[in-house]
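Just below is one structure, and these are the notes that go with it.
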Amino acid sequence: MKKNTILLFLIGVLLLPAAVSRAQEQNPSLVHDADSLVFVNGDWESRLLHFGGITLRQCAFRDSSLFHSNQFISVLVIRNSFRFDILADTTLVLTSDFVEYAEALAGINGSFFAWDAPWKSVNYLRVDGNELAPNRVLQDGNRTFRQSGCIAVSDKGRLSIHALPQHVMDTYDQDLWEKELTAEDIISSGPVLREAGKDVPVIDNAFNKARHPRTAVGIRRGGRVLMVVVDGRAAEAAGMTMQELQHVLRWLRAWDAINLDGGGSSTLCVRKNSRQPVSVVNHPSDNKLFDNQGERRVANVLVVK
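Residue numbers for the sequence shown follow this note's numbering, beginning at 25 and rising by one.
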């Protein structure tokens, strides 16, 4: 009897990994539940940048511990008492230079851009009440998934995230939706990843499925704003798919969230006050080195003052 029990036990141990693997394939959320524990229990470093309520949190996930990969994540948590602003220029500028010029406390890169676009922006852009660029739409007149929402900043500097209604996404709207929004500053981007506390379905395409450096903005239900940058294209940081980024924003308790331009553009800059120098705190990938020196020039940024 004992021999049979031991034999059954050994068979169970041998078959357990395969059973777990099959269960994970059938229910991917099991993998994400495990990753959520890794994320929450990570060795997060927190640095208070401003007593009014700006905190930088960073964590390196090594040994392929998060999403079966190495990751480096930077999160700036900002109380809603601070003012936000969208900045743009007719030429491309380093994110850190935008922050320095504005005498801001922090900033991240903004939305997607191209050399031949108005104000170098391929997405709708409004700054200080002035419309600077329309959405560059597809040949059939429809928007792209990277124009599925926007960040808006009121004249009082309050930030909000808006998701484009699906019935508008399916029309030849171009930028009529943004024009009807009341805000001092607006910048379109996408995809929208979280809306009213729920994940928004992520389109299955190459841009979303590949791992890249990523930049996103989230807002918690209580009003705190999250500036999130995920490093990538390095042995120390693989970057994330769009769905992996969505998981991170959910674990950060973002009520609403939107993706911004990523890749070599992904940059987060901070400083304690306007008299301190601006520091890049993530690892921009444009120089192909895992350091703080690889900034790419961008068309626009989001800053906090």
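All C-beta atoms, glycine included, are put in the ideal place defined by N, C-alpha and C.
These figures come from a predicted structure and were not determined experimentally.
For a cut-off of 8 angstroms, the C-beta gap from Gly134 to Asp280 is around 17 angstroms, too long to register as a contact. The residue from Glu219, Gly214, Ile185, Gln198 with its alpha-carbon nearest to that of Ala207 is Ile185. Given a length threshold of 4 residues, each whole run of the alpha helix (DSSP H) inside the stretch 96-134 is given here in chain order: 119-126. Residue pairing by DSSP places Met251 opposite Leu100, Val241 in a beta bridge. Shown here for Asp109: same chain residues with a beta carbon closer than 6 angstroms to its own, the five before and five after excluded, namely Val327 in chain order. The stretch 244-252 makes contact with the stretch 87-100: 3 or more CB pairs, one atom from each, lie closer than 8 angstroms. Under the three-state reduction of DSSP, Glu208 is assigned to coil, being neither helix nor strand. Sixteen is the threshold: when 16 or more other Cβ atoms of the shown chains lie within 10 Å of the Cβ of Asp59, as they do, the residue is buried. Excluding residues up to 5 positions away in sequence, Phe314 lie with their Cβ nearer than 6 angstroms to the Cβ of Ala258 in the same chain.
Every beta strand (DSSP E) of 3 residues or more that sits fully in the stretch 132-186 is shown, in chain order, as 149-151, 154-157, 173-177. Distance from Thr114 to Trp143 at the Cβ level is roughly 6 angstroms; contact confirmed, criterion being Cβ atoms closer than 8 angstroms. In the same chain as Arg274, and ignoring 5 residues on each side of it, the C-beta atoms closer than 8 angstroms to its own belong to Arg218, Asp223, in chain order. Apart from sequence neighbours up to five positions away, the residues of its chain that approach Asn232 with a beta-carbon distance below 6 angstroms are Val226, Met266, ordered along the chain. In the DSSP assignment, Gln82 falls within the unbroken beta strand (DSSP E) covering 78-90. Cα atoms of Glu127 and Arg320: separation of roughly 20 angstroms, rounded to the nearest angstrom. Taking the C-beta atoms as reference points, Pro237 is found nearer than 9 angstroms to Gly256. Check the Cα spacing between Leu205 and each of Thr195, Tyr196, Pro189: the tightest is with Pro189. In the DSSP annotation of this structure, Arg257 is not part of any alpha helix (DSSP H), being labelled neither H nor E. The closest CA to that of Phe169, considering only Ser93, Ser88, Val192, is found on Val192. Nearest Cα to Arg235 within the set Glu268, Ser309, Asp140, Ala220: Glu268.
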